[in-house]
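Structure record follows, encoded as structure tokens.
Number of protein chains: 2
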Amino acid sequence: MYTIGQVSEMFGLPISTLRYYDKEGLFPTMERKNGIRKFGETELEALRVIECLKASGLEIKDIKLFMQWCTEGPTTYPQRKELFERRREAVNEEMDQLRKTLAMLEFKCWYYDTAIAEGDEDRLQSMLPDKLPPDMQALYDIAHS
Amino acid sequence: MYTIGQVSEMFGLPISTLRYYDKEGLFPTMERKNGIRKFGETELEALRVIECLKASGLEIKDIKLFMQWCTEGPTTYPQRKELFERRREAVNEEMDQLRKTLAMLEFKCWYYDTAIAEGDEDRLQSMLPDKLPPDMQALYDIAHS
DNA sequence: CTAAAACATAAACCTAACTTTAGGTCAAGA
DNA sequence: TCTTGACCTAAAGTTAGGTTTATGTTTTAG
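Following this line, the structure appears as structure tokens:
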């Protein structure tokens, strides 16, 4: 069993954040002794899942719902599995979006590289997509799709 | 030249958002006629860049700075290029993070699939990393790295 | 036993990025 | 002429996800 300060160290999270998560119902079965929180293995695994679900874009109130399901035993396995599948889809979509963003950024890096090398603004300003080098045209197409 | 309503349609952005961007200084050279905003090609390209930089995680106040640089001509090419390079690095790091998140999500999907199929909570609860199937162990390792 | 460190709560505060509201201008069509 | 629709501003409101503050209690080290 760990204190809030120890868990704060272990996860690199402020104590205030752990208390906030608790207040929001993210540790529904956490025990206390004289009012003092006792983090067990259940809460540590909960925190790992919280970080994952947060990184996937899930809101705190929906993470709370998931944690409730975890207290209800195997009957909620299907809901839990579906939640993770929807999160997986959401993350895949976000990665697609980031790939487009990356294409745009790489195109812009190339653009300014060329502009700096040529020291000529006007020629670049009027550059048309079909006059780009093939690899840059590919990036341009991804970025503008 | 387009009105704010037309641009709102074209980009799928609320009019209020476009006005907000303007107020924050994201269209430093936009013209007006009788107080009415006139969006030109410069502003449309600005909006494409804004969407890209926002998707890369840049804050509005920093996007404003970039737009200022754009009004200052070729002397700011180096700053602009460096900004895009830092954004590229940030996006690459975010994609790495998302790959780990995805590994965790896929592991959890598999976990619940197996749990539902076996209908046995306790056997899974005590599952150790080195007893997982090889492909799941790989996911587990990525997710917990 | 006592002092400091670590814990606790409730409630106010914070920030970013918008959105809504209230009130006003202006151009075009019936 | 009137009224409708699209535009304008300033300022207040909203939301998520915390953080800070003020105050009080418990644990721990000497």
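Line by line, the protein sequences are chains R and L. Adding 426 to a residue's 1-based position in the first sequence gives its number in our numbering. Adding 426 to a residue's 1-based position in the second sequence gives its number in our numbering. The beta-carbon is built from N, C-alpha and C at its ideal position, and this holds for glycine as well.
Under 7 Å from any heavy atom of the ligand ATP, does the C-beta of residue i make it?
i	result
Gln-563 of chain L	Of the ligands one can find in the structure shown there are none, so the ligand ATP has no counterpart to examine.
My assumption, with CB atoms under 8 Å, is that residue i sits in contact with residue j. Please give the rounded CB distance.
i	j	result
Phe-533 of chain L	Met-553 of chain L	Contact flag wrong, Cβ pair sits at about 11 Å.
Met-493 of chain R	Ala-472 of chain R	6 Å
Met-428 of chain L	Phe-465 of chain L	Sequence inspection shows Tyr at residue 428 of chain L; the Met mentioned does not correspond to that position. So it is a contact: roughly 4 Å between Cβ atoms.
Cys-535 of chain R	Phe-510 of chain L	5 Å
Leu-558 of chain R	Glu-520 of chain L	The Cβ separation is near 27 Å, so there is no contact.
Ile-476 of chain L	Tyr-446 of chain L	In fact, because the Cβ distance is near 11 Å, the residues do not count as touching under 8 Å.
Given that residue i touches chain R, what residues does it touch there, using C-beta distances under 8 Å?
i	result
Leu-524 of chain L	Ala-481, Val-517, Glu-520, Met-521 and Leu-524
Thr-527 of chain L	Cys-478, Ala-481, Ser-482 and Val-517
Asp-539 of chain L	Lys-507
Glu-532 of chain L	Arg-514
Is the Cβ-Cβ distance between residue i and residue j less than 8 Å?
i	j	result
Ala-529 of chain R	Ala-481 of chain R	no
Cys-478 of chain R	Leu-531 of chain L	yes
Lys-490 of chain R	Glu-450 of chain R	yes
Tyr-538 of chain L	Arg-506 of chain R	yes
Ile-430 of chain R	Leu-444 of chain R	yes
Below 7 Å on C-beta distance, what does residue i contact in chain R?
i	result
Cys-535 of chain L	Lys-507, Phe-510, Glu-511 and Arg-514
Residues in the same chain with beta-carbon distance under 7 Å from residue i, minus the five sequence neighbours each way, listed in chain order, please.
i	result
Thr-497 of chain L	Pro-454 and Thr-455
Output needed for residue i: all residues of its chain with C-beta closer than 8 Å, excluding positions within five of it in sequence on either side, in chain order.
i	result
Ser-442 of chain L	none
Since residue i meets chain L, which of its residues come closer than 8 Å, beta carbon to beta carbon?
i	result
Ile-568 of chain R	Simply none; closest approach about 12 Å.
Ala-564 of chain R	Near Ala-564 of chain R there are no residues of chain L at all, since even the closest Cβ is about 16 Å away, more than 8 Å.
Grab me the residues of residue i's own chain with a C-beta within less than 6 Å of its C-beta, minus the 5 sequence neighbours each way, in chain order.
i	result
Ile-486 of chain R	Glu-450
Ser-571 of chain L	none
Glu-469 of chain L	Phe-453 and Met-456
Mind listing the chain R neighbours of residue i? Cutoff is C-beta to C-beta under 9 Å, in chain order.
i	result
Met-553 of chain L	The premise fails here: Met-553 of chain L is roughly 12 Å from chain R at the closest Cβ pair, so nothing lies under 9 Å.
Which chain L residues sit within Cβ distance under 7 Å of residue i?
i	result
Ile-542 of chain R	Tyr-503, Pro-504 and Lys-507
Q: Evaluate the contact criterion for the region 445–464 of chain L versus the region 505–515 of chain R: three or more CB pairs, one atom per stretch, below 8 Å.
A: no
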